[in-house]
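The structure appears right after this line, and notes come after that.
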Amino acid sequence: MTMPRHHRLLATRAHLLELLGEHRAAAASYREAARRTTSTPERRHLSARAHRLKSRA
C-alpha cells in the first residue's frame, strides 16, 4: 500500500478542505477517494459527501 494513493488519505484531505471552506476542492477529493476505495458502503458515503458539497461550491 502506498499512502499517497490511499483513499483514506484523500478523504482526510477532503475533510480538512471542507473545514477550511474550500468546498470545490473538498468535493473533488471526496470524489477521488470514492473512486479509489473498494468498499461499496464507503464509496456511497464519500460520494454523498461530495454531492452535498457540490451545492455549496
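According to full-length UniProt numbering, the residues represented by the sequence shown are 1 to 57, in order. Just so you know, even glycine gets a beta-carbon here, dropped at the ideal spot from N, CA and C. Computed from a predicted structure; not experimentally measured.
As assigned by DSSP and simplified to three states, the class of residue i
{"i": "S39", "result": "coil"}
{"i": "S55", "result": "coil"}
{"i": "L20", "result": "coil"}
{"i": "H6", "result": "coil"}
Closest Cα partner of residue i within the set the options
{"i": "P5", "options": "A33, A26 and H15", "result": "For the sequence presented, residue 5 should be read as Arg rather than Pro. The shortest Cα separation from R5 among A33, A26 and H15 belongs to A33."}
{"i": "R8", "options": "R43, R52 and L53", "result": "R43"}
Euclidean distance between Cα positions of residue i and residue j
{"i": "E22", "j": "Y30", "result": "12 Å"}
{"i": "H15", "j": "T40", "result": "19 Å"}
{"i": "A48", "j": "L19", "result": "17 Å"}
{"i": "T12", "j": "A26", "result": "10 Å"}
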